[in-house]
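**Q** First the structure, then my questions, so here it is.
Numbering (this note's numbering), first residue to last: -1 to 197.
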């Protein structure tokens, strides 16, 4: 950055959720390639930094494959929710089959099945209302969103702040070891200062 003080810029790309290391590296490389191919006035002092916190994969990683995670999520449900889910799914199946049969009976005028149709549709709706919250919780657990949010908030952000702090210290040290405020004053006089947004 010292060689290109007038054009010094820092671009930080952050990713983590459900991203393997190779996927993040590929994304960062594609971004850098895109910038170099599509922007004619890229500063020579552009420093691109890719940052990724370790993330659990939805499909498969060291914690197991999707089938293992699905079984674990089902076993982790409280008994009442498990009963509600099983009853709700049974109700959905019966309600769906009953609704289809009732519609066919009504269409072929075999029997005025309007009451029957109404009953099955009501069963279908109630079952759907009972099952949806539980299945939503299971789906969120399968997407590892809760654990990844915890990991990002408690580890990723703290590590990223430390990275920025060390980058700042390195820039100040590269500036001749002056104190930070003197370094900020000097850099802020530059055309595209990387420290303008930090002070």
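Quick reminder that beta carbons are idealized off the backbone N, C-alpha and C, glycines included. The structure displayed is predicted, hence computed values, not measured ones.
Please list, in chain order, all residues of the same chain as residue 29 whose beta carbon is under 7 Å from its beta carbon, the five residues on each side excluded.
**A** Start at 1 with the first residue of the chain shown, and residue 29 comes out as number 31. These residues qualify, in order along the chain: 11.
**Q** On the three-state DSSP scale, how would you describe residue 6?
**A** The count along the chain shown starts at 1 and reaches residue 6 at position 8. DSSP places residue 6 in coil when its eight states are reduced to three.
**Q** For a test of the three-state rule: what should DSSP assign to residue 45, helix, strand or coil?
**A** Residue mapping note: residue 45 aligns to position 47 of the chain shown, counting from 1. For residue 45, the secondary structure class from DSSP, reduced to helix, strand or coil, is strand.
**Q** With distances taken Cα to Cα, identify the nearest neighbour of residue 42 among 49, 48, 34.
**A** Taking the chain shown and counting its residues from 1, one reaches residue 42 at position 44. Nearest C-alpha to residue 42: 34.
**Q** Going by the DSSP bridge assignment, what does residue 145 pair with across the sheet?
**A** Within the chain shown, the letter at position 147 stands for residue 145. Per DSSP, none; premise fails for residue 145.
**Q** Determine the direct distance from the alpha carbon of residue 131 to that of residue 90, and round the result to whole angstroms.
**A** Taking the first residue of the chain shown as 1, we reach residue 90 at position 92. Taking the first residue of the chain shown as 1, we reach residue 131 at position 133. Distance from the CA of residue 90 to the CA of residue 131, rounded to the nearest whole angstrom, comes to 14 Å.
**Q** Alpha carbon to alpha carbon, how far is residue 87 from residue 125? Give it in angstroms, no decimals.
**A** Within the chain shown, the letter at position 127 stands for residue 125. Within the chain shown, the letter at position 89 stands for residue 87. Our two residues, residue 125 and residue 87, have alpha carbons roughly 7 Å apart in a direct line.
**Q** In three-state terms, what does DSSP make of residue 192?
**A** The residue labelled residue 192 in the question sits at position 194 within the chain shown. Because residue 192 sits at a pLDDT of 49, beneath the cut-off of 50, its placement in the model cannot be relied upon, and the point is left open.
**Q** Quick one: any contact between the stretch 75 to 85 and the stretch 100 to 116, if contact means 3 or more CB pairs under 8 Å?
**A** no
**Q** Is the beta carbon of residue 97 closer than 7 Å to that of residue 114?
**A** On the chain shown, residue 114 is found 116 positions in, with the first residue counted as 1. On the chain shown, residue 97 is found 99 positions in, with the first residue counted as 1. Taking 7 Å as the Cβ cut-off, residue 114 and residue 97 do not qualify as a contacting pair.
**Q** Tell me which residues share the same chain as residue 94 and place their Cβ nearer than 7 Å to its Cβ, disregarding the 5 neighbours each side in the sequence.
**A** Within the chain shown, residue 94 is the residue found at index 96, counting from 1. 122.
**Q** Report yes or no: do the stretch 68 to 76 and the stretch 156 to 170 share at least 3 C-beta pairs separated by less than 8 Å?
**A** no
**Q** Do residue 140 and residue 65 count as a contact pair if the criterion is CB distance below 7 Å?
**A** By 1-based counting over the chain shown, the position of residue 65 is 67. By 1-based counting over the chain shown, the position of residue 140 is 142. Cβ atoms of residue 65 and residue 140: not closer than 7 Å.
**Q** Nearest CA to the CA of residue 54: which residue from 38, 136, 62?
**A** Locating residue 54 in the chain shown gives position 56, counting from the first residue. When each option's Cα is compared against that of residue 54, the closest is 62.
**Q** Look at the Cβ atom of residue 51, then the Cβ atom of residue 151, and state whether they are nearer than 7 Å.
**A** The residue labelled residue 51 in the question sits at position 53 within the chain shown. The residue labelled residue 151 in the question sits at position 153 within the chain shown. It is not a contact, given that the beta carbons lie outside the stated cut-off.
**Q** In chain order, what residues of the same chain lie with their CB nearer than 7 Å to the CB of residue 26, ignoring the 5 residues before and after it?
**A** The sequence position of residue 26 within the chain shown is 28, counting from 1. Only 11, 48 meet the Cβ criterion.
**Q** Look at the Cβ atom of residue 13, then the Cβ atom of residue 22, and state whether they are nearer than 7 Å.
**A** If you number the chain shown from 1, residue 13 lands on position 15. If you number the chain shown from 1, residue 22 lands on position 24. Cβ atoms of residue 13 and residue 22: closer than 7 Å.
**Q** Based on the DSSP output, what are the partners of residue 12 in its beta bridges?
**A** For the purposes of this step, residue 12 is taken as the residue at position 14 of the chain shown. Residue 12 is bridged to 49.
**Q** Please work out which residues of its chain come closer than 6 Å, Cβ to Cβ, to residue 15, disregarding the five sequence neighbours upstream and downstream, and give them in chain order.
**A** The residue you call residue 15 lines up with position 17 of the chain shown. Once the five neighbours on either side are set aside, the close Cβ partners of residue 15 are 53, 146.
**Q** Please confirm whether residue 20 has its beta-carbon closer than 7 Å to some beta-carbon of chain B.
**A** No chain B is part of this structure, which consists of one protein chain only.
**Q** Identify which residue in 143, 9, 163 has its Cα closest to the Cα of residue 17.
**A** Taking the chain shown and counting its residues from 1, the one referred to as residue 17 is at position 19. Closest option to residue 17, Cα to Cα, is 143.
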